[in-house]
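K.L.:
Attaching a single structure in structure tokens format; questions to follow.
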Amino acid sequence: MSMEQSVVMQRTRMPTTAQISDKCRALGFDLTLDEADLIEHTGFLPCTLGGAQTGFEWYAQGLGDGAASDANIDPAIRKHLEGRDTVVTWRTGSIEAETQAAMICAAAMIELTDGVYFDEYDNIDTTPDRLLAEVREWLNS
Numbered sequence: 000m001s002m003e004q005s006v007v008m009q010r011t012r013m014p015t016t017a018q019i020s021d022k023c024r025a026l027g028f029d030l031t032l033d034e035a036d037l038i039e040h041t042g043f044l045p046c047t048l049g050g051a052q053t054g055f056e057w058y059a060q061g062l063g064d065g066a067a068s069d070a071n072i073d074p075a076i077r078k079h080l081e082g083r084d085t086v087v088t089w090r091t092g093s094i095e096a097e098t099q100a101a102m103i104c105a106a107a108m109i110e111l112t113d114g115v116y117f118d119e120y121d122n123i124d125t126t127p128d129r130l131l132a133e134v135r136e137w138l139n140s
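Using numbering that gives the first Met the number 0, you'd call the opening residue of the sequence shown number 0 and step up by one each time.
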């Protein structure tokens with residue numbers, strides 16, 4: 000079973016992989032993304048979580064491009080789009096470490112970009128608090 004998580008943000012605020020990795024460490028997680036141009040990168044993005052290799056699919060699209068078009072965005076999310084022009088989506092499979100890494104990365108992105116998080120379970124977050132609590136509980140179980 001795959002899972003999708005997204006953050007809507009302003010394209011000019013796209014951080015580097017090093018900035019995301021630094022923020023993840025500041026949040027208390029040992030997550031390091033492999034170097035990539037996150038505006039251009041599409042597909043699997045390798046990373047290391049707690050010393051183990053993992054990764055997730057990464058897609059960054061401008062709002063209005065294909066699946067990211069305004070018509071395809073839930074009205075509950077649409078109200079958060081003002082001043083934001085890009086959606087970053089993480090897609091993961093059934094491997095727990097992939098989903099954990101994607102959640103940590105999404106939490107870092109919320110803080111770094113003033114982004115708005117949403118997922119396929121109708122969660123909408125403007126702070127990383129819920130994501131961080133969920134992934135911490137998951138990692139400690």
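All C-beta atoms, glycine included, are put in the ideal place defined by N, C-alpha and C.
Predicted, not measured: the structure shown is a model, and the values here were computed from it.
1) Assuming Gln-4 and Ala-100 form a contact by the criterion Cβ under 8 Å, report the distance between their Cβ atoms to the nearest whole angstrom.
2) Would you say the beta carbon of Asp-118 is closer than 7 Å to some non-hydrogen atom of the ligand FAD?
3) Would you say Ile-123 and Ile-94 are within 8 Å of each other, going by their C-beta atoms?
4) When you compare only the Cα positions, how much space is there between Thr-16 and Leu-37?
5) Around the Cβ of Phe-114, are there at least 16 other Cβ atoms within 10 angstroms (buried) or fewer (exposed)?
6) Tell me the residue span of the alpha helix (DSSP H) that contains Asp-128.
7) Quick one, which of Gln-18, Gly-82, Arg-90 has its alpha-carbon nearest Gly-42's?
8) Return the residue from the list Tyr-58, Phe-117, Gly-49 that minimises the CA-CA distance to Lys-189.
9) According to DSSP, is Ala-51 part of a helix, a strand, or is it coil?
10) Please classify Asp-107 as buried or exposed, where buried requires at least 16 other C-beta atoms within 10 Å of its C-beta.
11) Does DSSP put Ile-76 in a helix, in a strand, or in coil?
12) Is it true that the CB of Cys-23 sits closer than 8 Å to the CB of Ile-159?
13) Using the rule of at least 16 other Cβ atoms within 10 Å of the residue's Cβ for burial, across every protein chain shown, is Trp-57 buried or exposed?
14) So, for Thr-112: in the same chain, excluding its five sequence neighbours on each side, which residues have a beta-carbon less than 6 Å away from its beta-carbon?
15) When DSSP labels each residue in this structure, what does Ser-5 get in the three-state scheme?
P.N.:
Reading off the structure:
1) Approximately 11 Å separates the beta-carbon atoms of Gln-4 and Ala-100; this is outside 8 Å, ruling out the contact.
2) Ligands displayed in this structure: none; no statement on the ligand FAD is therefore possible.
3) Not a contact, by the Cβ cut-off of 8 Å.
4) Cα to Cα, Thr-16 sits roughly 7 Å from Leu-37.
5) The sequence shown places Gly at residue 114, not Phe. The residue in question, Gly-114, is buried, as its Cβ has 16 or more Cβ neighbours within 10 Å.
6) For Asp-128, the uninterrupted alpha helix (DSSP H) segment begins and ends at 128-139.
7) Checking every option, the nearest Cα to that of Gly-42 belongs to Arg-90.
8) Lying outside 0 to 140, the shown extent of the chain, residue 189 is not represented and no answer is given.
9) Note: Ala-51 maps to strand in three-state DSSP.
10) Before going further, note that residue 107 is Ala rather than Asp in the sequence given. Label assigned to Ala-107: buried.
11) Assigned with DSSP and collapsed to three states, Ile-76 falls in helix.
12) For the chain, the structure presents residues 0 to 140; residue 159 sits outside this window and is missing.
13) The residue in question, Trp-57, is buried, as its Cβ has 16 or more Cβ neighbours within 10 Å.
14) Correct list, in chain order: Met-8, Arg-12.
15) If DSSP states are grouped into helix, strand and coil, Ser-5 belongs with the strands.
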